[in-house]
Amino acid sequence: MFNLNNKGQSLVMFVLIIPIFLLIITLIYDVANAIYEKDRLSNTIWIAIDYGLDNINDITKEELNDMIISNDDGLNYIDVIVNDNEIIVKASKKVKGIIGKMFHFELTTINCNYKGKLIDDKKEIERIV
Numbered sequence: 001m002f003n004l005n006n007k008g009q010s011l012v013m014f015v016l017i018i019p020i021f022l023l024i025i026t027l028i029y030d031v032a033n034a035i036y037e038k039d040r041l042s043n044t045i046w047i048a049i050d051y052g053l054d055n056i057n058d059i060t061k062e063e064l065n066d067m068i069i070s071n072d073d074g075l076n077y078i079d080v081i082v083n084d085n086e087i088i089v090k091a092s093k094k095v096k097g098i099i100g101k102m103f104h105f106e107l108t109t110i111n112c113n114y115k116g117k118l119i120d121d122k123k124e125i126e127r128i129v
């Protein structure tokens, strides 16, 4: 009875869906990148504290600070405290994703705070909340 011509409708739907699909993929990538950068910063701080506790009598605050900065780029803030048998490191970093680079804003700020101490020649490293 009626002869409908829907040849252009699927093309319009395809063109409308593609930007939404790309935005979702970009958001997933940005979140995964932020998680990766947090893990990278946490591992760098943990390794520096572990090294510092192995050499607690010889290590200085500046050496630990330089070690962390050389292994993780883009740090905004870093504070290293070396006490008698304790090392405290606080660091923060801003992460830009693809959307942040396009519109010139930071996606998130990552904060990592760790404390390591020697108790009876046993290393104990924990995250400070």
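Numbering (our numbering), first residue to last: 1 to 129.
Beta carbons are placed, not taken as given, at the ideal position from N, Cα and C, and that holds for glycine.
Pull up the CB-CB distance for Glu37 and Ile110, whole angstroms please, since I reckon it's below 8 Å.
-> The residue given as residue 37 occupies position 37 in the sequence shown. The residue given as residue 110 occupies position 110 in the sequence shown. With a beta-carbon spacing of about 6 Å, Glu37 and Ile110 fall inside the 8 Å limit used to define contacts.
Does the separation of the CB atoms of Ile117 and Asn85 fall below 9 Å?
-> Translated into positions along the sequence shown, residue 117 becomes position 117. Translated into positions along the sequence shown, residue 85 becomes position 85. Looking at the sequence provided, one finds Lys at residue 117 rather than Ile. For Lys117 and Asn85, yes; Cβs fall inside 9 Å.
Can you give me the Cβ contacts of Val129 inside the same chain, cut-off strictly under 8 Å, excluding the 5 residues immediately before and after it?
-> As a position in the sequence shown, residue 129 is number 129, starting the count at 1. The answer, listed in chain order, is Asn113.
For the segment 59-123, list the beta strand (DSSP E) runs that are entirely contained and at least 3 residues long, ordered along the chain.
-> 75-82, 86-95 and 108-119
Whole-angstrom distance between Gln9 and Asp39, CA atom to CA atom = In the sequence shown, residue 39 corresponds to position 39, counting from 1. In the sequence shown, residue 9 corresponds to position 9, counting from 1. C-alpha separation (whole angstroms): 46 Å.
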